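Single-structure report; data block below.
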Amino acid sequence: MKCLVTVKQVVDPYINIRINSDHTAVETANIKMAMNPFDEIAMEEAMRQKEAGIISSITAVSIGPISVQETLRQALARGADEAIHVVTSQTLTPLNIAKVLAVLVKQQQTQLVLLGKQAIDDDCNQTGQMLAALLGWAQGTFCSSVKIDVANQGITVARETDYGLETLQLRLPTVITTDLRLNEPRYISLPNVMQAKRKPISSINLDSIISELRTEIKTLKVEAPPQRKAGIMVQSVNELLHKLQHEAQVI
Amino acid sequence: MAVLIIAEHDNLNLNDVTKHLVTAAQQLDTEIHILIAGFEPQQVVTQASTLANVNCVLQASNNAYKYQLAENLASLIQTIAADYKYIIAPATTFGKNVLPRVAALLDIEQISDVTAIISKNTFVHPIYAGNALETVATSAAKIILTIRPTAFMMCNLAATNCKIKNLDLVFELNLSKYLSIETSANNGLPDLSAAAIVVAGGRGLHTKDDFEMLKQLAIKLHAAIGASRAAVDAGLVPNDLQIGQTGKVVAPKLYIAVGISGAIQHLAGMKDSKIIVAINKDPEAPIFKLADYGLVADLYQVIPELTLLLDAK
Amino acid sequence: MSETQENLQFDVIIVGAGPAGLATAIRLAQLAKQQQRAYSICILEKGAAVGSHILAGAVLEPRSLNELIPNWRELGAPIVTPAITEQFLLLTATNSFKLPTPPQMRNHGNYIISLSQLCRWLATQAEQLGVQIYPGFAASEILYDAKQQVIGVVTGDNGVAKNGEHKANFQPGMHLYANYTVFAEGSRGSLTKKVIAQYQLQNNSDPQTYGLGIKEIWEIPAVQHKSGTVIHTLGWPLDSHTYGGGFIYHLDPNLIALGFVVGLDYSNPYLSPYEELQRFKQHPHIRKILEAGRCIEYGARVINEGGLQSIPQVFFPGGVLVGCAAGFLNVPKIKGIHTAIKSGMLAAEAIHTALQQSEKLTNLTAYSQALKNSWIWSELKTARNIRPAFQKGLWFGLAYAAFDTYILRGKAPWTLHNKADYKQLRSASSCKPINYPKHDGTISFDKLTVLRLANINQSADQPPHLKLTNHQTPIRINLKVYNGPEQRYCPANVYEFVSNPQSQPYLQINAQNCIHCKACDVKDPTQNITWTPPEGGGGPNYINM
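Protein chains in written order, with the working numbering: chain A, 128 to 378; chain B, 130 to 442; chain C, -9 to 535.
Right, dumping it as structure tokens:
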């Protein structure tokens, strides 16, 4: 079974972000970038399924400018067999990304797509679901466990929902999005990093994959959230209780 | 043009998030419809019809919708989408699972987790874990949004003058099947992510027993228990109670921070709480800079005292 | 294809992707290219990315970069802000007095830069020449052969839990071998410290001495910003017995690099270098620059202050020390980048010659000789007596510095000597606590608040990388005798004296806060604390430092 894993290059989650001076975007110049943590989990899951003999090959895909090749190298170091760089200088919305992926999936004859449930920069949480819709496939979102039954062409997933852990059975081919507790990604070993430097990355221009992009959404501005101000100090438990009951009315 | 709200429910009761979405919907259009797709959800339909300003409740009852499977629901919604300019769902795991699928079927870009509606086509939503707010405008003919429920007030109830419409549309794509759900045991205390009141402990607490003391308070308030990273690192509580940048982000109506100094990483997880109370014996603790009510005192005195006083009520 | 042990064999391994390590790699690759060869050169960097652990003022003298990459400007090096205006100020609590800028501190022809940015650029140059750079991998041990030659390094284990157990994702470190190993770890490098002890490299030199530099980057309104301004201060807030001073550099676009260096030979255990920086910012002339601005980065690092007298022997069988690991910083100039780069180049040349002659694991005495024949040596020789003179206090130091600079022109027939910093701390009972002002939250902040601006990513679930030789000493000696100086000199709130439920004090080590500055390794009065590298990739993530 062939597997496709999407890997997005995002600002490293440990960096404190700043907004650029004209308030149009978060500053990314000179900032350390990293693979979206949920995508690391997706890569790890792909590796485990490959080690279990269920997946035969892993293709990592990333969309963006030349800098995303660094993230593809990390995917190769994490065990991807091949890497595809879809070259574009535009920032694509999830719908457009899903369209690109749908084309690649059909070309590659992929049966399983693993994506992070959301990117920690835009927090959209849409791409996997959209891809599944475009392909007409089952979707398993926010998965904390994935069990593939090749013989019965099915996957059993546990999903993290607001109500608890929901178990669904899905038909293959499937789109899965990963949640935090699915696995803990392994450390990349030095030999793997060295090997990854030698694996090829194939580059394809965006316009050779899709010709029409949906571009109705425009960013008007990006701002820091309002700062909270200090309130008052109370002197006793009685006073606190009184304020909470009568002033704030939260008890 | 009308708004369609995809309602969240369990076939018996309408989830309160829908009330927040009705308020949001009023900023979009005067014609508001709610879709209840489920299995024999008549009670939910009735509840939805009592929400103020709702013109019509659509009911689709079928086994295919019983467990809110995204594949089936999305195809249903796609079929009725033509009548609506706006299709909105709560930014809960339910809404996040279904709505993007709908958006792709309709070939419309979606905007996630809207926290403010600036105009009929301009919305604000958080990015980078809420460390930045992005304002976007869409020129699309149809607008698809997930809405953050806590960013809008709950709507009122009203006399029933709302139409009920039955949809005889069955979409069973047979792509997925529900097996089971496992809810976590919380001793009757609400789940941290959804609780209206949270009592959180930090490095001011020293032992697991100290968290038991907090739990007694939480029971009185029907609150969830949370913790700062310091308490988790010290092994006092499991890590799914951790609130902060690397843990859960919560926005309850009341957050009581006990023995928590207020490191920025913790604040990132609770700064959107409506009311923040800080109890700490260090008057310099950074948390006092953003607490609505601060009490400099020994938590080992205060917490039992507070628990006792609440008991008396 | 699996990687076998042979494939982890290199011509040269370099520990540290700072300016010295990168210069060594680039020069080696250039020399090989001239001969139509290619060396396999591996740089190991403990930071998550090149530049993540790099912090310096900095004003760059481009002298050695001009030698290494003459067309750096065309290649887009991030060196764009020429130093234009200089001020050398003596501060009092409310006033400032301009002092004449000493000749060695004149910056005409120099540039204000971010060293982290420069290192990232140098790294791309190196990679284009075929150098392999591996960030996220910390060299934690040295490999010796039976003849006590350095044959390589071992990278640290990953996935060890705080209690020492192997986690599910445990990965042992790798052994990497080289014909020559270059230690470019910067000031007070951890492996460097071991190699110096192993081969007794410090025996014929003074002990190395250090300063702790704590730095912030501020974004300020354009109206306050004057690109190319270089300000150095002496005097307030330090007393006349404590060496140190402040710096303020105006970087493009609207950034200020601001910081304070305190000599770690200070004697009062109540001194807090961090709080000195905080009150330095409150000086009326400085406060007004910052008031409408915003602090966007924070970090700290020790710098060498020993000068020429403290440079150890720089070669040993199989390896060399380059850059601040050896200690080529010119203290009066407060510049070490240019000498670090030059030392890397000289080391590369010596290694190249040896490899050409099919030598390996030898003592590269030619490197040492080349250093002594270079402008590094003559420059450091001229400057050698300035810093030690300040051991007698600010006024003597200033007077002597003027005398040595203008009259003796650095050619004193004597050489003043350095004493180890950790021995200078006096007991708490013999010193007075310092009343530092409260933080105002706009100009000055508490440590925890600014610490997040160092973008630290360091798992708490790993064995603490700050090792205590004796676990009773922190309470028995550090707390009892010195009132716990580590809680003050550490700029990252790593060390806290807390009470357990039985009201007994103990030292809590918040290792996950560590920003790898090495102050504790230098200043602990009984040298009980040893800094070792945590899991690779952990630590701060400096952006424009």
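In this text, a Cβ means the ideal position worked out from N, Cα and C, and glycines have one as well. Model, not experiment: these values are computed from the prediction.
- Assignment of isoleucine 59 of chain C by DSSP, reduced to helix, strand and coil, places it in the coil class.
- Interface annotation for the stretch 449 to 461 of chain C against chain B: Ala450 and Asp451, criterion Cβ-Cβ distance under 9 Å.
- Secondary structure note for phenylalanine 300 of chain B: it is in no beta strand (DSSP E), with a DSSP letter that is neither H nor E.
- Interface criterion not met: the Cβ of phenylalanine 168 of chain B is under 9 Å from no Cβ in chain A.
- Inclusion of alanine 131 of chain B and tyrosine 213 of chain B in the CB contact set at 9 Å is warranted, their separation being smaller than that value.
- Secondary structure remark: continuous alpha helix (DSSP H) runs of at least 4 residues inside the stretch 170 to 212 of chain B, in chain order: 171 to 178 and 199 to 209.
- Residue-level contact check: leucine 317 of chain A touches chain C, since one or more beta carbons of chain C fall below 9 Å from its beta carbon.
- Using beta-carbon distances, valine 273 of chain A does not count as an interface residue toward chain C, since no partner is under 9 Å.
- Assignment of phenylalanine 305 of chain C by DSSP, reduced to helix, strand and coil, places it in the strand class.
- An exposed status is given to threonine 75 of chain C, since fewer than 16 other beta-carbon atoms sit within 10 Å of its beta-carbon.
- Three or more beta-carbon pairs drawn from the stretch 175 to 192 of chain B and the stretch 275 to 289 of chain B are found closer than 8 Å, and the two stretches are therefore classed as touching.
- The count of Cβ pairs closer than 8 Å, one atom from the stretch 368 to 377 of chain A and one from the stretch 423 to 433 of chain B, stays below three, leaving the stretches out of contact.
- In this structure, DSSP gives asparagine 147 of chain A a state outside helix and strand, which the three-state scheme calls coil.
- Glycine 263 of chain A and alanine 151 of chain C have their alpha carbons spaced roughly 44 Å apart.
- In the three-state DSSP reduction, methionine 399 of chain B falls in the coil class, being neither helix nor strand.
- In the structure shown, glutamine 235 of chain A adopts helical secondary structure according to DSSP, grouped into three states.
- At least one CB of chain C lies nearer than 9 Å to the CB of lysine 159 of chain A.
- Note on the stretch 308 to 390 of chain C: whole beta strand (DSSP E) runs with a minimum of 3 residues are 309 to 311, in chain order.
- Excluding sequence positions up to five before and after leucine 343 of chain B, its CB lies within less than 7 Å of the CB of Val328, Gly330, Ile354, Val387 and Ile432, all in the same chain and listed in chain order.
- In the displayed model, glutamine 371 of chain B falls within a strand according to three-state DSSP.
- Of all residues in the stretch 413 to 442 of chain C, only Arg442 come within less than 7 Å of chain A when Cβ atoms are compared, listed by chain position.
- No Cβ-Cβ contact shorter than 9 Å links isoleucine 359 of chain A with arginine 200 of chain A.
- The DSSP assignment places complete beta strand (DSSP E) segments of no fewer than 3 residues inside the stretch 383 to 461 of chain C at 456 to 458, in order along the chain.
- With respect to chain C, the C-beta atom of isoleucine 393 of chain B has a partner C-beta closer than 9 Å.
- With its beta carbon at least 9 Å from every one in chain B, serine 189 of chain A lies outside the interface.
- DSSP places methionine 535 of chain C in the coil class of the three-state scheme, outside both helix and strand.
- From the beta-carbon of glutamate 311 of chain A, no residue of chain B is found nearer than 8 Å; the closest lies around 12 Å away.
- In the DSSP assignment, alanine 210 of chain A falls outside any alpha helix (DSSP H) and within the unbroken beta strand (DSSP E) covering 209 to 214.
- Relative to the Cα of asparagine 353 of chain C, the nearest Cα in the group C:Ile204, C:Tyr189 and C:Arg269 belongs to C:Tyr189.
- Look at aspartate 362 of chain B: its C-beta is under 9 Å from a C-beta on chain C.
- In chain order, Ala46, Ile293, Asn294, Gly313, Cys314, Phe318, Leu319 and Asn320 place their CB closer than 8 Å to the CB of glycine 326 of chain C, counting only its own chain and leaving out the 5 sequence neighbours on each side.
- Contact annotation for valine 320 of chain A against chain C: Tyr124 [CB-CB distance below 7 Å, chain order].
- Under the criterion of beta carbons closer than 8 Å, arginine 269 of chain C and glycine 203 of chain C do not qualify as touching, at roughly 16 Å.
- Using a Cβ distance threshold of 9 Å, cysteine 510 of chain C and valine 484 of chain C count as a contacting pair.
- Annotated three-state conformation of aspartate 514 of chain C is coil, per DSSP.
- Glutamate 155 of chain C and alanine 128 of chain C have their C-alpha atoms roughly 20 Å apart.
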